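Following: one structure in structure tokens, then a few remarks.
Protein chains: 2
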Amino acid sequence: MRAPTLDLTLLRTLVAISDTGSVTAAAKRLAYTQSTVSMQLQRLETQLALRLHEREGRRLRFTSEGERLLTHARRLLALNDEAWSDMQARQVTGDLTLGIPEDYASLLPSVFAYFNQLYPSVGLTVICGTSAHLVEQVKAAEIDLALVTRQRNSPGGEVIRREPLVWAVGINQQPLLSDPIPLALYSPGADVFREVAEQSLQAAGRTWRVAYTSQSMAGLAPIVTAGLAVVVVTRSMLTPSLRPLDESSGMPALPLIELALHRAPHRPSEPARRLGELIREQLAAPSQAL
Amino acid sequence: MRAPTLDLTLLRTLVAISDTGSVTAAAKRLAYTQSTVSMQLQRLETQLALRLHEREGRRLRFTSEGERLLTHARRLLALNDEAWSDMQARQVTGDLTLGIPEDYASLLPSVFAYFNQLYPSVGLTVICGTSAHLVEQVKAAEIDLALVTRQRNSPGGEVIRREPLVWAVGINQQPLLSDPIPLALYSPGADVFREVAEQSLQAAGRTWRVAYTSQSMAGLAPIVTAGLAVVVVTRSMLTPSLRPLDESSGMPALPLIELALHRAPHRPSEPARRLGELIREQLAAPSQAL
DNA sequence: TTTTATGATTGGTTTTATCAATAATGGTGA
DNA sequence: TCACCATTATTGATAAAACCAATCATAAAA
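And the structure:
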């Protein structure tokens, strides 16, 4: 009368038996006794009124029905686990502040959207600032997380990915590339790009002048597209109005920089832990695609 | 330690509560007592450590988490039911003989394939014959099922669908349509198409001659495509080499015929029951598409 | 053959799901 | 405001089940 319902616990045991190849090993994995697993298998067979396994010698083999049920079981369990972790995720609540350099704001919207879908009860605040400043804030525990750029192999934080830097000029206009090179730079002392650029030029024996400075890339854009200066950006930050310079331009090569995630010194809150993981997952791979 | 696993029984109760809108009604539907359902709901909330419902006045409302779980529950239960019925279907075994008119063999392959996928342990035999002969065989219990064509509103069997009949000639050649009309017909006495054709012509005061006869459509095809005779077929049996005649041809209108399923007189075997259901499901709808 | 590893079986214990009965809650009509 | 009704929550008792520990059975390996 009552609708027939499979017991997911038994299906999990079935899968464990299949994975490990033996009842005893499955019992060990699931922290049951051997007898329990044996009886669970029998129970499944009784409920379905089917023979799921047979025994040839000491080795266990599944019947075709058993194999069939296994595929159903795996699908059901996958759905169960998804449902469960989703329900758990909805219990994560709290507030959370993430700091990012202004120019990286464009990289994160999809991550924020996904995060909000997984953890709708978490209030997420995003602040922008220079990498140097954000690191100080996260050290002072004023913010929970900071995603910053920095030179290679700097200490602290977790490297999310490494990105190549490139020289770029306006798509239609470009400045004279003879010494001194006219640079458009972020505000002094706060930006990694500036440090890297000046070190590279110095190492190559070139001279330069800081033609323009601004707090952000947005402020530099009109100067660069007008052909008045050269700028340094990551390859992922190139826009249609920027043209990267290759080696033939005579500009010195630039090193990779790192995108690193810093966490506040105390034990991270659950929301912070989750966002950190998500950022790592979502931002990790594409480093070679850039 | 042990992997978190949802109890599908509880999820089924949750869905019932949602469907009926009340704990008491859900209990009635599931043949539980009211207290059991009430406790099942609590158990779900305890296991997930979540509040799934709240109560405003006497009315019950689900929280957003409850609604969320409901969507998971419905998906899980759908998968469960599918898995269950699939496993049950595999237990159906036996042998089964179905009779069909030769010209309908082309209509069934997809049904047979599907049937074999659902019931791999059933041995299915298909025999071909004239509708009249098949009906006798199924009445004598020599075969389990017979899918036959017949005139409208004939007694016995179950009507699967009704199909229009059409006059057809070769795609490139066509006979003179003056009396007496040259007909290509199936073997006398065994075929419904013949009866219908002759009745229609007679009612219209036309004369005809039976130019060719054969046991099957296959035998008539060359005669018809050569432009030597007119044939009667269902619209679904038209091939690229056949051209249907519309009213402008002057041929009398033909009635609908029925496709009917006859079952052997004794209680049908489980495989026969299942194939019958499948045939009804798969062949029912497209009558207006023809 | 003895040994060893594995799965099945048995007996006993604990946990759990269920029911029946009862209490609580909130809305309705007198 | 007070009964009264419908619905849900709670309690206590009971029956069922799931599980474990120990034992038995079996087949391969030594």
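Top line first, the protein sequences correspond to chains A and B.
If you're matching positions, the first sequence starts at 1 in the working numbering and goes up one per residue.
If you're matching positions, the second sequence starts at 1001 in the working numbering and goes up one per residue.
The beta carbon of each residue, even a glycine, is placed where N, CA and C say it ideally should be.
The model shown is predicted, which means the values in this text are computed figures rather than measured ones.
Along the stretch 1038-1050 of chain B, the positions whose C-beta sits under 8 angstroms from a C-beta of chain A are LEU1048, ALA1049 and LEU1050, read in chain order.
Of the candidates A/GLU163, A/LEU145 and A/ASP144, the residue whose Cα lies closest to the Cα of A/ARG152 is A/GLU163. The continuous alpha helix (DSSP H) containing A/GLU136 extends over residues 131-139. For the 9 angstroms CB-CB criterion, A/SER64 and B/ARG1090 form a contact. Around the Cβ of A/THR130, a 10 Å sphere holds 16 or more other Cβ atoms; the residue is buried. Residue-level contact by beta carbon holds for A/ALA31 and chain B, with a gap shorter than 9 angstroms. Among the CB atoms of chain B, none fall inside 9 angstroms of the CB of A/THR93. Membership of A/ALA78 in the alpha helix (DSSP H) is indicated by the continuous run 64-89.
In this chain, the alpha helix (DSSP H) harbouring B/TYR1114 covers 1109-1118. Under the three-state reduction of DSSP, B/GLY1156 is assigned to coil, being neither helix nor strand. Under the 10 Å beta carbon count, B/ASN1080 is surrounded by 16 or more other beta carbons and is classified as buried.
Annotation: the continuous alpha helix (DSSP H) that includes A/ARG43 extends over 34-48. Residues of chain B whose Cβ lies closer than 9 angstroms to the Cβ of A/HIS72 are, in chain order, LEU1079, ASN1080, GLU1082, ALA1083, TRP1084, ASP1086 and MET1087. Comparing alpha-carbon positions, the option among A/ARG243, A/LEU48, A/VAL126 and A/THR46 lying closest to A/ALA272 turns out to be A/VAL126. Beta-bridge partners assigned by DSSP to B/LEU1242: B/GLY1170.
B/ASP1007 has a beta carbon lying within less than 9 angstroms of a beta carbon in chain A. In the structure shown, B/GLU1056 adopts extended strand secondary structure according to DSSP, grouped into three states. With a threshold of 16 other beta carbon atoms within 10 Å, A/GLN202 falls short and is exposed. The beta-carbon distance between A/ILE160 and A/LEU259, rounded to whole angstroms, is 5 angstroms. This is short enough to meet the 8 angstroms contact definition. With respect to chain A, the C-beta atom of B/ALA1025 has no partner C-beta closer than 9 angstroms. Within its own chain, the residues whose Cβ lies closer than 8 angstroms to the Cβ of A/PRO244, once the five positions on either side in sequence are excluded, are VAL166, TRP167, ALA168, ARG235 and LEU238, listed in chain order.
Within the model, the alpha-carbon separation for B/LEU1044 versus A/MET39 is close to 26 angstroms. Contact of B/ALA1272 with chain A is not assigned, every C-beta pair being separated by 9 angstroms or more. B/LEU1228 is positioned such that its CB atom lies no closer than 9 angstroms to that of B/PRO1180. Contact annotation: B/ARG1274 and B/VAL1092 have beta-carbon atoms nearer than 9 angstroms. Boundaries for B/PRO1255: no alpha helix (DSSP H) harbours it, and the DSSP string shows neither H nor E there. What A/ALA3 touches in chain B, judged by beta-carbon distance under 7 angstroms, is ARG1012, going in chain order. Under the three-pair Cβ rule at 8 angstroms, the stretch 1191-1205 of chain B counts as touching the stretch 1138-1157 of chain B. Taken through DSSP and simplified to helix, strand or coil, B/PRO1271 comes out as helix. Within chain B, not a single residue places a beta-carbon under 8 angstroms from that of A/GLU67; the smallest gap is close to 11 angstroms. Take A/LEU220, set aside five residues on each side of it, and the residues of its chain with a beta-carbon closer than 6 angstroms to its own are ALA184, SER214 and VAL231, in chain order. Under the criterion of beta carbons closer than 8 angstroms, A/THR225 and A/SER241 qualify as touching, at roughly 5 angstroms. In the DSSP assignment, B/ILE1223 falls within the alpha helix (DSSP H) that extends over 1217-1225. Burial is judged here by how many other beta carbons sit within 10 angstroms of a residue's own beta carbon; B/ARG1012 has at least 16 and is buried. Our two residues, B/ASP1095 and B/LEU1124, have alpha carbons roughly 6 angstroms apart in a direct line.
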